[in-house]
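This is the structure:
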């Protein structure tokens, strides 16, 4: 349940989050496992183990889980089977098969292999902060986040969201933090960053390297590079990588945070889940608030 990434979206219009209605809407897109001939399935799964509810809610915070099952068909297996069929049919009919005929054969090969294919399951968590009209997605890629949001949009009928953007250019702020050594008092820069130049392929990745290094500072001072990613630590709370597109990757909560609810018995899974969700959302809501303050608030939209 602990988020590992944070892609945040602003709801441009407030929505009615009536929970009984939400459950009904989610049920229309509930996850069902792949059948014998299905290549993939995507839908809502219960966040709380053993619950019939397709959402988990505490106060004004809602958690959803989008589950995707995909059948794994290695390309070389499909190709080997297809090549054999094509060769046999061409010999039998003494002619070369057309492209459309090969595609038909390939579709048939896939359908025959699907029942024997292994499955890969993927879970994407969405946390809806109804108090602040924000939707946070635990996804490392925009596509995965957008897929989950599209499922929510399909369920609700409408989901007016845009990526959260800061008023001040993040790369400029990050660069100044390193150049002037003036990070906010609550943040500490770790020895990892990405420096980007004006050319798309002009990227320097620094890892386990002090960022006050003279060569790094010279590149930033001359304006040749800007800091596009920066690994940061919020003391005694978590570490993360902040990206210039305002997304957060590689979230890692401190052990002291994750152990705060250890007094709850393991057998009481629901109570522990509830307590951890409250703890996590409280921390991430504060992190979002702090970052908005540091980057000049939210970017005005036309």
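Residue numbers (the working numbering): 12 to 313. Where is the CB? At the ideal position from N, CA and C, for every residue including glycine. As the structure is a prediction and not an experimental result, all values here were calculated from the model.
In this model, residue 24 and residue 232 are separated by some 42 Å (Cα to Cα). The continuous beta strand (DSSP E) containing residue 51 extends over residues 51–56. Judged by their CB atoms, residue 101 and residue 93 are not nearer to each other than the 7 Å cut-off. Across the set 121, 115, 239, the C-alpha of 121 shows the shortest separation from the C-alpha of residue 87.
Cβ-Cβ separation between residue 189 and residue 306: approximately 15 Å, too far for a contact (criterion under 8 Å).
Excluding the 5 residues flanking it on each side, residue 77 has same chain C-beta neighbours closer than 6 Å at 135, 159, 162, in chain order. Take residue 264, set aside five residues on each side of it, and the residues of its chain with a beta-carbon closer than 8 Å to its own are 13, 248, 249, 291, 294, in chain order.
Residue 285 and residue 74 have their C-alpha atoms some 11 Å from each other. Relative to residue 15, the option among 261, 52, 299 whose CA is nearest is 261. Counting of Cβ neighbours within 10 angstroms places residue 276 among the exposed residues, the total staying below 16.
Excluding the 5 residues flanking it on each side, residue 59 has same chain C-beta neighbours closer than 7 Å at 67, 281, 284, in chain order.
In the three-state scheme derived from DSSP, where H, G and I count as helix and E and B as strand, residue 18 is classed as strand. A distance below 7 Å between beta-carbons, with the five flanking residues on each side excluded, links residue 155 to the following residues of its chain, in chain order: 135. Around residue 56, the same chain offers 42, 76, 78 as residues with beta carbons nearer than 6 Å, after the five sequence neighbours per side are excluded. Residue 72 is classed as buried because its beta carbon has at least 16 other beta carbons within 10 Å across all chains shown.
Using a 10 angstroms sphere on the CB of residue 126, the tally of other CB atoms stays under 16, which defines it as exposed. Excluding the 5 residues flanking it on each side, residue 194 has same chain C-beta neighbours closer than 7 Å at 188, 200, in chain order. Annotation: the continuous alpha helix (DSSP H) that includes residue 288 extends over 280–305. By the criterion of a C-beta distance shorter than 7 Å, residue 97 is surrounded in its chain by 108, 113, 116, once the five residues flanking it on both sides are discounted. The beta carbon of residue 132 sits closer than 6 Å to those of 80, all from its chain and outside the five residues before and after it, given in chain order.
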